[in-house]
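S.K.:
2 protein chains.
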Amino acid sequence: MTNTLRLGIAGLGTVGTGLLDIVTKHSASLAVRAGTPIEVTEVTARDRDKDRGVDLSGLTWAASPEAMATSENVDVFVELMGGDGEPAKSSVEAALRAGKHVVTANKALLAMHGNELARLAEENEVALNFEAAVAGGIPIVKTIRESATANQISRVYGIMNGTCNFIMTKMRNEARDFADVLAEAQALGYAEADPTFDIGGFDAAHKLAILTSLAFGREIDFSAIYVEGIEHIALDDIKAADNLGFKIKLLGVAVETEDGIEQRVHPTLVPKGSNIAEVEGVFNAVGLEGDSVGELILEGAGAGAGPTASAVMADIIDIARGNVVHPLGLPVSMLKPYKRARMRAHEGGYYIALELFDRPGEVAAVAQHMANQNISLASIMQHTSDTVEKGAKRETAPFILITHDTMESDVRTALDEIENGGHLASKPRVIRIERF
Amino acid sequence: MTNTLRLGIAGLGTVGTGLLDIVTKHSASLAVRAGTPIEVTEVTARDRDKDRGVDLSGLTWAASPEAMATSENVDVFVELMGGDGEPAKSSVEAALRAGKHVVTANKALLAMHGNELARLAEENEVALNFEAAVAGGIPIVKTIRESATANQISRVYGIMNGTCNFIMTKMRNEARDFADVLAEAQALGYAEADPTFDIGGFDAAHKLAILTSLAFGREIDFSAIYVEGIEHIALDDIKAADNLGFKIKLLGVAVETEDGIEQRVHPTLVPKGSNIAEVEGVFNAVGLEGDSVGELILEGAGAGAGPTASAVMADIIDIARGNVVHPLGLPVSMLKPYKRARMRAHEGGYYIALELFDRPGEVAAVAQHMANQNISLASIMQHTSDTVEKGAKRETAPFILITHDTMESDVRTALDEIENGGHLASKPRVIRIERF
C-alpha cells in the first residue's frame, strides 16, 4: 500500500457514480478522517461508452473486473456490480487472494457465498466490508459487529425492502389495491419491471441472511429462510388489521429459539404505535434486542446512490484507518453451523381471514376446529366488506380471527380441517403477528 | 499492555456494577470479539463497604481514582464516577498522561473539558472513548465518528433526556399536568428529588455539546447552548399542539447556518407522524442529516445500567482491537473554533399562545403587530380552555398562533409590542417548531 489509499471501482451504476461524486466533493475531509488521501485509480464497467455524467478522465479503465482485482495500482477493490454470480464472485475472490481489501454492496453475493468469502478474507488478512449490502445507508453491520459486541442478541428484525414498504404504506394510507400501487411504484422507479425479487421477499431475505449470521454467530444460510412476499395482501386485510390495532409490514425476522434459529421474511402484523410500525414509505429500519442494550432501532434510507455510497465510503475509511474486523463478526472457524427451526414450530399470534358460507352453524364449526387444536382467540371480527351491492343477498361472510400465541403447526392443522369440512368459500388468508 | 486487557473501574454505581456483570457473564465471547481476554483488575468507589450485590473478591481496591489511573495493573481507566469536577477530571487526566486508554460515560466532563481531554489523549496516543456519554446504549458517537464520515452533516438533533420524554409523553397520553407527572416520575425513580438538571434541559445540553462537535468538526462549547426546559409547558399547550398536528418534545438541535452554529435545547413542536414524534416514554433517539446518507435516526435506551454498560464495553472492545480514533472525530488541532449563531437570528416556525382580554379589537390589534414584523401566520386557533365555569363570564380568551418560518427577533419584537400595548392578561407562551 502506498501512502495514498487507491480504489478500483467495479461497476459504475448509480452507486458507483455516487461514490465518485463523494470522493471528488469531500476529498480533503475524507483524507483527514482516513488519515491518508483516498483516490480512485481504476474503474471498470460493462459499457465503457455510456455517458454517466461524471468525469472519468485521469482514471485507468481496467480491461475487466478480474484484471482490476489484481492490479498493482489498486489497494481496495470496490465491487458494485451486484449479483451472486460472475463477474462479481470471481473478481472478489481474486482480489482477496491478491491481498486486496474488498468493499461491496452486494447482498446476493454475501447471502450465497459469504462464509467462503469471509474465510478467504481472513486467510489473506484483508477486510471484507459490506455495510452497504444491508439496508443501504443504515450502519447496522457496524452496529452489530462493533457496538452491540457486549450483548447476547435474541432477535434481529427489520423493514429491509423500500419497495415493499412503499407499497404497504400507500395501500393503507390511500386505500388502494396492491396492483394499483405496484404500478405507481414501477412508474416512480421504486419497483422493477419484473418486481418479483422485491415483492416476493427475496431481496429482504438476502439481507436477513447476513444479519442473522452477524447477530447469532452462525454461518450464513440463505436457503434456510422461510420467504413469503406481499403479493397476496388484500386491501381488506390492511383495513381489518387497522381496525384491530395493527399495520401490515414486510418484515425480516431472525430469532434464536430452543429448536434453532427461526429466519423468516413475510408480511407481518405489527402493533400500531410500535417503532417499527411507524416506519413508512421507502424508509428502512433494522432493530435488534440485546441482553444489555435492550431494544435498538436504526432508521434511514435503505437504497439510493447517496446513502449506499455513504456506507461504502465509511467502509473504505475504516480500511484506511486499519480498523479491520472479522467480516462476520467472529472468525469464520468459530461460527456455529446454522441450525434451522422449522416454521411449523414457530410460536406467535396469527391473523386469519376466512370467507365463510353465510349459513347457520358455520362460525360454531370454525370455532370448534380452533378449540380442537387448543388455539385461543384474542379477537374475532365479523368484517363487512364493501363488495356486496345494496339489496344483493350475501352468500358468504368474511370472518377475521386474531389468535393468542400458538404453534404454527396447530394453525395449519385447524385450517386444513376447516377447509376439508367445506366451510370456506375461498382459501384462508393467514398473516403472522410479531410483538414489539 | 499484557496479553490480557486489564480494566480499572472508578465508580461502582449501577453502571459500574452492570459492567462487572457483563465482564463476568460474557467473558468468553468478549475475548473472541476483542481478540484478547478482558479482565477487571482494580476498582475504586467512594464507599468501600456498601453491598452492591456483586462479587468484588479477587479485585484490588485502589486507594483512589488518581492512584488507579496510574496503576501498573491497569491498561484502561474506566471512569464511571460522573461530574465535571474532581475526582473525575484529575484522574482522567492522570490516566491519559500515564498512557492509559480512558473510557467514560461522563457527559458533563466532556461537555466542559472535552477539547483539552481529547488533545491530551492525542498527545499520549491513547483512546478517549465516550459512547455511553451520549444517549446511553445508542451508538451515535460511533455512527458520527465512523459511519457518517463521508457526509457533510447539516443538522443533528435528538430526544436525549428520558425523564423529559417520559413526562411529555404522559402529560399528552393521560391529559395530566406537569407537576402531577413529575411527581410520578420521581416516585418511579425516573427523576431526581431535585429534577432541575433533567427538566431544565441541562443534561440534554451536555450531550448536545458533544454531538455538535462531532457532527460539525468544531470545538465543544457548552456555554454557547441556548437552554430552555420543559417546566413551563402547560397541558393546554400540549392539547393545542395536538389539535394543530404536533407533539411537544424536549429536543436538542444543532444546525449549521450562515451565521455560525445554532445549538439549542428547548421544548419543540414536532409534526405528528415524523419519526422523532413517535419516540415515546423514556426512549431516546438521535438523528442526523448528511449530504449523502440523508436522514438517519437511531433509537434506544438512553440510560440504565445495561444499555450504558453495553456502550462502555463496546468502547473497551474497540480499544482491545486497536481501533483508536480521534476522540472528537478530527484531530483537535483541526477542529474549527465554535462560532455561535445568536438565537435572535434563528429562523423557524413558532407556536404562540396568548391570553387576550375578551373585548372587541384585541385580535385585530394582535394581528396588526404580527403583520408589522412581517410575520406570516400558518394557523390561528381560538382555543377554548376548560377553566371557565358554566354561566361564568369569560374575561379573557386563549388565542393560539402558528407562524410560518420567521426570525426569532421579529417574534420577540412583536410580542413585546403586544405586551406593551396592554393586550395580554398573562405572559405569552412561545414554543419553537422544528420541521422534519
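Note that the protein sequences, when read in sequence, are chains A and V. The numbering of the first sequence is our numbering, which starts it at 1 and goes up by one. The numbering of the second sequence is our numbering, which starts it at 437 and goes up by one. The beta carbon of each residue, even a glycine, is placed where N, CA and C say it ideally should be. Model, not experiment: these values are computed from the prediction.
1. Could you give the distance in angstroms between the alpha-carbon of Glu582(V) and the alpha-carbon of Val722(V)?
2. How should Arg6(A) be labelled, buried or exposed, when 16 other C-beta atoms within 10 angstroms of its C-beta is the threshold for buried?
3. Determine the closest residue to Ser493(V) out of Leu792(V), Ile684(V), Leu545(V) and Glu478(V), with distance taken between C-alpha atoms.
4. Which one of Gly200(A), Gln368(A), Ala183(A) and Glu123(A) has the shortest CA to CA distance from Ala193(A)?
5. Would you decide whether Gln699(V) is buried or exposed? Buried here means 16 or more other CB atoms lie within 10 Å of its CB.
6. Here's a check: name, in chain order, each residue in its chain whose Cβ is nearer than 6 Å to the Cβ of Ser815(V), leaving out the five neighbours to either side.
7. Counting only the same chain and skipping the five closest in sequence on each side, list residues whose C-beta sits under 6 Å from that of Pro87(A).
8. Starting from Glu515(V), find everything on chain A with Cβ-Cβ shorter than 7 Å and list it in chain order.
9. Along the beta strand (DSSP E) that carries Ile733(V), what are the first and last residues, could you check?
10. Would you tell me roughly how many angstroms separate the C-alpha atoms of Arg555(V) and Val768(V), rounded to the nearest one?
11. With a CB to CB cut of under 6 Å and the five nearest residues on each side skipped, what residues in its chain are close to His642(V)?
12. Output the distance between the C-alpha atoms of Ala62(A) and Met68(A), rounded to the nearest integer angstrom.
13. Check whether the segment 339-357 of chain A touches the segment 409-428 of chain A, taking contact to mean three or more Cβ pairs, one atom from each stretch, closer than 8 Å.
14. Classify His668(V) as buried or exposed, calling it buried when 16 or more other Cβ atoms lie within 10 Å of its own Cβ.
15. To the nearest angstrom, how far is the alpha carbon of Ile418(A) from that of Ala365(A)?
16. So which of Pro37(A), Ile431(A) and Phe77(A) has the shortest CA-CA distance to Thr268(A)?
17. Looking at the structure shown, is Lys239(A) part of a helix, part of a strand, or coil, going by DSSP?
18. Out of curiosity, what's the CA-to-CA distance linking Ser659(V) and Ala645(V)?
19. So what does DSSP say about Lys486(V), is it helix, strand or coil?
20. Is Phe835(V) helix, strand or coil by DSSP?
21. Short of 8 Å Cβ to Cβ, which residues in the segment 331-364 of chain A face chain V?
22. Assuming Leu298(A) and Ile138(A) make a contact with CB atoms under 8 Å, what is their CB distance in whole Å?
23. Gly736(V) to Asn720(V), Cα distance in whole Å?
24. To the nearest whole angstrom, what separates the beta carbons of Gly665(V) and Gly636(V), a pair I think is in contact under 8 Å?
25. Work out the CA separation of Phe513(V) and Ala94(A) for me, nearest whole Å.
26. Tell me which residue opens and which closes the alpha helix (DSSP H) that Ile210(A) is part of.
27. Leaving out five residues before and five after Lys683(V) in sequence, what residues of the same chain have Cβ atoms less than 7 Å from its Cβ?
28. Under the rule that 16 or more other beta-carbon atoms within 10 Å means buried, what is Pro195(A), buried or exposed?
29. Can you confirm whether Arg871(V), when its beta carbon is compared against all beta carbons of chain A, has any partner nearer than 7 Å?
30. Using a Cβ cut-off of 7 Å, which residues of the segment 710-735 of chain V contact any Cβ in chain A, in chain order?
31. Could you tell me which of Gly797(V), Met779(V) and Thr849(V) sits nearest to Asn810(V), measuring between CA atoms?
32. Return the bridge partner residues of Ile580(V) from the DSSP annotation.
33. Of all the residues that make up the segment 522-542 of chain V, which are near chain A by a beta-carbon distance shorter than 8 Å?
34. Taking the alpha-carbon of Leu163(A) as reference, which of Ile144(A), Tyr190(A), Ser292(A) and Asn151(A) has the nearest alpha-carbon?
35. For a quick check, are the C-beta atoms of Ala467(V) and Thr506(V) less than 7 Å apart?
36. I'd like to check one pair, Pro763(V) with Glu655(V): are the Cβ atoms closer than 7 Å?
M.R.: According to the structure data:
1. On the second sequence, position 146 is the one that residue 582(V) refers to. On the second sequence, position 286 is the one that residue 722(V) refers to. Spanning the two alpha carbons is a distance of roughly 16 Å.
2. Residue mapping note: residue 6(A) aligns to position 6 of the first sequence, counting from 1. It counts as buried.
3. By one-based count along the second sequence, residue 493(V) stands at place 57. Per the Cα distances, Glu478(V).
4. As a working mapping, residue 193(A) is identified with position 193 in the first sequence. Check the Cα spacing between Ala193(A) and each of Gly200(A), Gln368(A), Ala183(A) and Glu123(A): the tightest is with Ala183(A).
5. Residue mapping note: residue 699(V) aligns to position 263 of the second sequence, counting from 1. That one is buried.
6. On the second sequence, residue 815(V) is found 379 positions in, with the first residue counted as 1. Excluding sequence neighbours, Ser815(V) sits near Leu680 and Ile838.
7. Your numbering for residue 87(A) matches position 87 in the first sequence. Here the set comprises Pro65.
8. Here residue 515(V) refers to the residue found at position 79 when the second sequence is read from its first residue. Listed by position along chain A, the residues whose Cβ is nearer than 7 Å to that of Glu515(V) form an empty set, because the closest Cβ is around 18 Å away.
9. Along the second sequence, read from residue 1 onward, the residue named residue 733(V) stands at position 297. First-last of the beta strand (DSSP E) with Ile733(V): Gly730 to Ala737.
10. Residue 555(V) sits at position 119 when you count from the first residue of the second sequence. Residue 768(V) sits at position 332 when you count from the first residue of the second sequence. Rounded to the nearest angstrom, the two C-alpha atoms are 6 Å apart.
11. Reading the second sequence from its first residue, position 206 is the one you call residue 642(V). Excluding residues within five positions, the ones whose Cβ falls inside 6 Å are Lys543, Ala544 and Ala547.
12. For the purposes of this step, residue 62(A) is identified with residue 62 of the first sequence, where counting begins at 1. For the purposes of this step, residue 68(A) is identified with residue 68 of the first sequence, where counting begins at 1. Answer to the nearest angstrom: the Cα atoms are 6 Å apart.
13. Yes: at least three Cβ pairs fall under 8 Å.
14. Within the second sequence, residue 668(V) is the residue found at index 232, counting from 1. When all chains shown are included, His668(V) counts as exposed.
15. Start at 1 with the first residue of the first sequence, and residue 418(A) comes out as number 418. Start at 1 with the first residue of the first sequence, and residue 365(A) comes out as number 365. Each residue's Cα considered, the two are about 8 Å apart.
16. Residue mapping note: residue 268(A) aligns to position 268 of the first sequence, counting from 1. For Thr268(A), the nearest C-alpha among the options comes from Ile431(A).
17. For this step, residue 239(A) is matched to residue 239 along the first sequence. Of the three classes helix, strand and coil, the one that applies to Lys239(A) here is helix, per DSSP.
18. Locating residue 659(V) in the second sequence gives position 223, counting from the first residue. Locating residue 645(V) in the second sequence gives position 209, counting from the first residue. Taking the straight line from one Cα to the other gives about 9 Å.
19. As a working mapping, residue 486(V) is identified with position 50 in the second sequence. In this structure, Lys486(V) counts as coil in the three-state DSSP scheme.
20. To locate residue 835(V), count along the second sequence from 1; it is residue 399. Looking at Phe835(V) - three-state DSSP - the assignment turns out to be strand.
21. Pro331 and Met334
22. Looking up residue 298(A) in the first sequence gives position 298. Looking up residue 138(A) in the first sequence gives position 138. Rounded to whole angstroms, the Cβ separation of Leu298(A) and Ile138(A) is 5 Å, and the two are in contact under 8 Å.
23. Position 300 of the second sequence, counting from 1, holds the residue named residue 736(V). Position 284 of the second sequence, counting from 1, holds the residue named residue 720(V). Near 6 Å, if we compare the C-alpha coordinates of Asn720(V) and Gly736(V).
24. In the second sequence, counting from the first residue as 1, residue 665(V) sits at position 229. In the second sequence, counting from the first residue as 1, residue 636(V) sits at position 200. Gly665(V) to Gly636(V), Cβ: 4 Å. Contact.
25. Position 94 of the first sequence, counting from 1, holds the residue named residue 94(A). Position 77 of the second sequence, counting from 1, holds the residue named residue 513(V). Taking the straight line from one Cα to the other gives about 43 Å.
26. Against the first sequence, residue 210(A) aligns to sequence position 210. Note, Ile210(A): alpha helix (DSSP H), Phe202 to Phe216.
27. As a working note, residue 683(V) is residue 247 in the second sequence. A distance below 7 Å between beta-carbons, with the five flanking residues on each side excluded, links Lys683(V) to the following residues of its chain, in chain order: Arg608, Ala677, Val706, Lys708 and Ala713.
28. Taking the first sequence and counting its residues from 1, one reaches residue 195(A) at position 195. By the neighbour-count rule (16 or more Cβ atoms within 10 Å), Pro195(A) is buried.
29. One-based indexing of the second sequence puts residue 871(V) at position 435. So, not an interface residue.
30. Asn711, Glu714, Gly726, Ser728, Val729, Gly730, Glu731, Leu732, Ile733, Leu734 and Glu735
31. For this step, residue 810(V) is matched to residue 374 along the second sequence. For Asn810(V), the nearest C-alpha among the options comes from Thr849(V).
32. One-based indexing of the second sequence puts residue 580(V) at position 144. According to DSSP, Ile580(V) bridges with nothing at all.
33. The residues in question: there are none.
34. Looking up residue 163(A) in the first sequence gives position 163. The question names Leu, but residue 163(A) is Thr in the sequence shown. Checking every option, the nearest Cα to that of Thr163(A) belongs to Tyr190(A).
35. Taking the first residue of the second sequence as position 1, residue 467(V) is located at position 31. Taking the first residue of the second sequence as position 1, residue 506(V) is located at position 70. No, the Cβ-Cβ distance between Ala467(V) and Thr506(V) is not below 7 Å.
36. In the second sequence, residue 655(V) corresponds to position 219, counting from 1. In the second sequence, residue 763(V) corresponds to position 327, counting from 1. Their beta carbons are not under 7 Å apart, which means Glu655(V) does not touch Pro763(V) by this criterion.
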